[in-house]
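In my numbering, each residue's number is its place in the first sequence (first place is 1) plus 3. Don't be surprised by glycine CBs; every beta carbon is placed ideally from N, CA and C. Computed from a predicted structure; not experimentally measured.
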Amino acid sequence: MITRMSSLFLRTLREDPADAEVPSHRLLARGGYVRRVAPGGYSWLPLGLRVLRNIEQIVREEMDATGAQEIQFPALLPREPYEATNRWTEYGPNLFRLKDRKGADYLLGPTHEELFALTVKGEYSSYKDYPVTLYQIQTKYRDEARPRAGILRGREFVMKDSYSFDLDDEGLAASYQRHRDAYIRIFDRLGLNYVIVAATSGAMGGSASEEFLAVAPTGEDTFVRSTESGYAANVEAVTTPAPAEQPVDGRPDAQVHHTPNTPTIESLVDFLNGAGLGRVFTAADTLKNVLLKTRQPGEQDWTLLAVGLPGDREVDTKRLEAALEPAEVAMLEESDFARNPFLVKGYIGPGALLANGVRYLVDPRVVRGTAWVTGADKADHHVVDLLCGRDFTPDGTIEAAEVREGDPSPDGAGTLVAERGIEIGHIFQLGRKYADAFSLDALGPDSKPIRITMGSYGIGVSRLVAVIAEQSHDERGLIWPRQVAPADVHVVIAGKDETIVAGAEQLAAELDAAGLRVLLDDRKASPGVKFADAELVGVPTILVVGRGLANGVVEVKDRATGERVEVAVDIAVPHLVSLVRG
RNA sequence: CGGGGUGUAGCGCAGCUUGGUAGCGCACUCGCUUUGGGAGCGAGGGGCCGCAGGUUCAAAUCCUGUCACCCCGACCA
Numbered sequence: 004m005i006t007r008m009s010s011l012f013l014r015t016l017r018e019d020p021a022d023a024e025v026p027s028h029r030l031l032a033r034g035g036y037v038r039r040v041a042p043g044g045y046s047w048l049p050l051g052l053r054v055l056r057n058i059e060q061i062v063r064e065e066m067d068a069t070g071a072q073e074i075q076f077p078a079l080l081p082r083e084p085y086e087a088t089n090r091w092t093e094y095g096p097n098l099f100r101l102k103d104r105k106g107a108d109y110l111l112g113p114t115h116e117e118l119f120a121l122t123v124k125g126e127y128s129s130y131k132d133y134p135v136t137l138y139q140i141q142t143k144y145r146d147e148a149r150p151r152a153g154i155l156r157g158r159e160f161v162m163k164d165s166y167s168f169d170l171d172d173e174g175l176a177a178s179y180q181r182h183r184d185a186y187i188r189i190f191d192r193l194g195l196n197y198v199i200v201a202a203t204s205g206a207m208g209g210s211a212s213e214e215f216l217a218v219a220p221t222g223e224d225t226f227v228r229s230t231e232s233g234y235a236a237n238v239e240a241v242t243t244p245a246p247a248e249q250p251v252d253g254r255p256d257a258q259v260h261h262t263p264n265t266p267t268i269e270s271l272v273d274f275l276n277g278a279g280l281g282r283v284f285t286a287a288d289t290l291k292n293v294l295l296k297t298r299q300p301g302e303q304d305w306t307l308l309a310v311g312l313p314g315d316r317e318v319d320t321k322r323l324e325a326a327l328e329p330a331e332v333a334m335l336e337e338s339d340f341a342r343n344p345f346l347v348k349g350y351i352g353p354g355a356l357l358a359n360g361v362r363y364l365v366d367p368r369v370v371r372g373t374a375w376v377t378g379a380d381k382a383d384h385h386v387v388d389l390l391c392g393r394d395f396t397p398d399g400t401i402e403a404a405e406v407r408e409g410d411p412s413p414d415g416a417g418t419l420v421a422e423r424g425i426e427i428g429h430i431f432q433l434g435r436k437y438a439d440a441f442s443l444d445a446l447g448p449d450s451k452p453i454r455i456t457m458g459s460y461g462i463g464v465s466r467l468v469a470v471i472a473e474q475s476h477d478e479r480g481l482i483w484p485r486q487v488a489p490a491d492v493h494v495v496i497a498g499k500d501e502t503i504v505a506g507a508e509q510l511a512a513e514l515d516a517a518g519l520r521v522l523l524d525d526r527k528a529s530p531g532v533k534f535a536d537a538e539l540v541g542v543p544t545i546l547v548v549g550r551g552l553a554n555g556v557v558e559v560k561d562r563a564t565g566e567r568v569e570v571a572v573d574i575a576v577p578h579l580v581s582l583v584r585g
């Protein structure tokens, strides 16, 4: 196919749109791929739609290859199925809700577990029908609190979501693995730099879940990876290796010290080091006890919870909440302290907590035999050499402390470094939550019902357009991988001379005949404009037909490397075909 | 939801302090010249200055209110 730029619906912008910050947003807007219509809503112009469709096609091919079958649901959905799973309310403000003229409730689908489960229930009833996997590539709607970064986080986006239906856990595990393998093939074909990280299993509890994160400094998700092994994980999922336990016998007794004017960990450490105790203390020797309250879903009352962690670490709210999910977590207010006078603010120690029945969870670094400086439950007093396992025994451990670069990797190899990523895929062993909600059963060989178990697997298809742009661009513009590029060859007519125009037209026709997709810049613009636009648009191979034609040569330029080679006109077509097919 | 910022031509911006004819660059139209790195000259078209009140002889500009959008954070695939 030949696409003529003289008639292509395309206008490139010389300047960045004022609202575009991240590279993908800037370049996709400047290159005429997308246009903003509303916060978090973008139009796909011809070039952008081609890239989107190319990505869709790769996803579709690999999904089909796993045996999954494509279907499509409406985006506009009735309330009832979501009422049955409680998600009409549970999904919260992120759900787009609307009413029809009769006042009936509808929603715009944010994800489609309910519909898939109901559809399978409607069609299948025998164990002989299973397993089955269905998927769709469809527009999803989420009323994001803050859409941002162009099409990286929109309120309307294209997602591939698939769902596996199996008779037993082994089947689910196999379906999960099939998806995992397919996702690896998809993201490899797209040429992405990505990692697979362990995700927190969340409210579903215990089921396997992994995220595919494209590595990009503009990413919203922080993950850590080991400097030496292949270990990578979401910050929420990082486990802290526990140090070896130490003997308790023969250790110095705990001693209470008067420590005036030591409201912070820093001032406490300074005070201790000036107190002539014969050794040097650091913040890591102190045990900071943070008071929280938690509330289980559906309950009215809050329960106190104390978290003890080394004084040199802050609480990481995300990790804390992930560790306590599905319970709500909140900091204590003044009134809570007033109600519990045994809590001496700033001097809380394990003693008062345990004596008053407050659940006390500690960082995994707090193991038997470790000695700590901590609050003495009395204003202006701290206790030194409080020994875990001798002087206090916590109720358990919790992953609530911040993870820092340089921390040891949980797999024992190397240390951790933090990086940013963009979530491009998520695979999840859902289990029976939705099957239970709709009584999705198959009749087994013994005529007894078997409750179906499900997996759900998503890929952010439209987001991938932006992710590829994030990972593949330079200061001049986009650089598409061949597999998704809007064309195979961008032919620039550099000159108005009739023989040049005719020669370029001829080459374009031959390339088209050879089965390549050609973008032909036949506009009456100056060569400089055309070169700049070609680099902005980012087709991987640029063919310049210009003054060299008089000597029988044209110029083939590689967009990614900038390398230019002169090629004889008569072998230009086979040369380009081998480049593109190669 | 907290913090910061911005609304003036399709896009990017100045003008606002100190009220008085709405401007610049890009893009667009026409003519001539130009054609290997975002051309030159000339002539044009395009505006509810976010919206609503108020002050004033007079408001893009001052006052009040309101709406929208963007960025950072919180939250969220």
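Assigned exposure category for residue i - 16 Cβ within 10 Å defines buried
| i | result |
| --- | --- |
| N292 | buried |
| M457 | buried |
| R466 | buried |
| P644 | This structure cannot speak to residue 644, because the chain is shown only from 4 to 585. |
| T265 | buried |
| H3 | No statement about residue 3 is possible, as the shown extent of the chain runs from 4 to 585 and does not include it. |
| S442 | exposed |
| F345 | exposed |
DSSP beta-bridge partners of residue i
| i | result |
| --- | --- |
| M334 | L295 |
| I453 | A445 |
| T400 | V365 |
| G498 | DSSP, once it has assigned bridges, lists no residue as partnering G498. |
| F395 | C391 |
| F99 | L111 |
| K527 | Looking at the DSSP assignment, K527 forms no beta bridge with any residue, so it has no partner. |
| F160 | K143 |
| Q258 | V387 |
N- and C-terminal bounds of the alpha helix (DSSP H) containing residue i
| i | result |
| --- | --- |
| F119 | 116–126 |
| S465 | 464–474 |
| Q509 | 501–516 |
| N57 | 49–68 |
| F2 | Nothing about residue 2 can be reported from this structure: the residues present for the chain run from 4 to 585 only. |
| F574 | The sequence given here places Ile at residue 574; Phe does not occur at that position. Unbroken alpha helix (DSSP H) run through I574: 572–584. |
| P26 | 26–33 |
Reduced DSSP category for residue i - H, G, I as helix; E, B as strand; rest coil
| i | result |
| --- | --- |
| S270 | helix |
| L390 | strand |
| E324 | helix |
| V283 | coil |
| F12 | coil |
| Y437 | helix |
| K143 | strand |
| T92 | helix |
| E86 | helix |
| F345 | coil |
| A374 | strand |
| L357 | helix |
| K381 | coil |
| A553 | helix |
| M207 | The predicted model places M207 with a pLDDT of 42, which falls under 50 and marks its position as unreliable; any figure quoted below should be read in that light. In this structure, M207 counts as helix in the three-state DSSP scheme. |
| Y166 | strand |
| N276 | helix |
| A217 | strand |
| E73 | strand |
| Y130 | helix |
| E239 | helix |
| I154 | helix |
Endpoints, beta strand (DSSP E) assigned at residue i
| i | result |
| --- | --- |
| F431 | 419–434 |
| R188 | Not the beta strand (DSSP E): R188 falls in the alpha helix (DSSP H), residues 172–192. |
| L111 | 108–111 |
| A202 | No beta strand (DSSP E) holds A202; DSSP gives it neither H nor E. |
| P81 | 79–81 |
| A41 | 37–41 |
| G311 | 306–313 |
| K5 | Inspection of the sequence shows that residue 5 is occupied by Ile rather than by Lys. It spans 5–7 - the beta strand (DSSP E) in which I5 sits, taken as one unbroken run. |
Using 8 Å as the cut-off, can you tell me whether the segment 486–494 makes contact with the segment 517–536, which would need three or more C-beta pairs spanning the two stretches below that distance? yes
Check whether the segment 65–73 and the segment 15–26 are in contact - that is, three or more C-beta pairs closer than 8 Å. no
Is it a yes or a no for the segment 41–57 touching the segment 478–491, going by three-plus beta-carbon pairs under 8 Å? yes
Does the contact criterion of 3 or more C-beta pairs under 8 Å hold for the segment 297–311 versus the segment 272–289? no
Does the segment 167–181 come close enough to the segment 423–434 to have 3 or more Cβ pairs within less than 8 Å? yes
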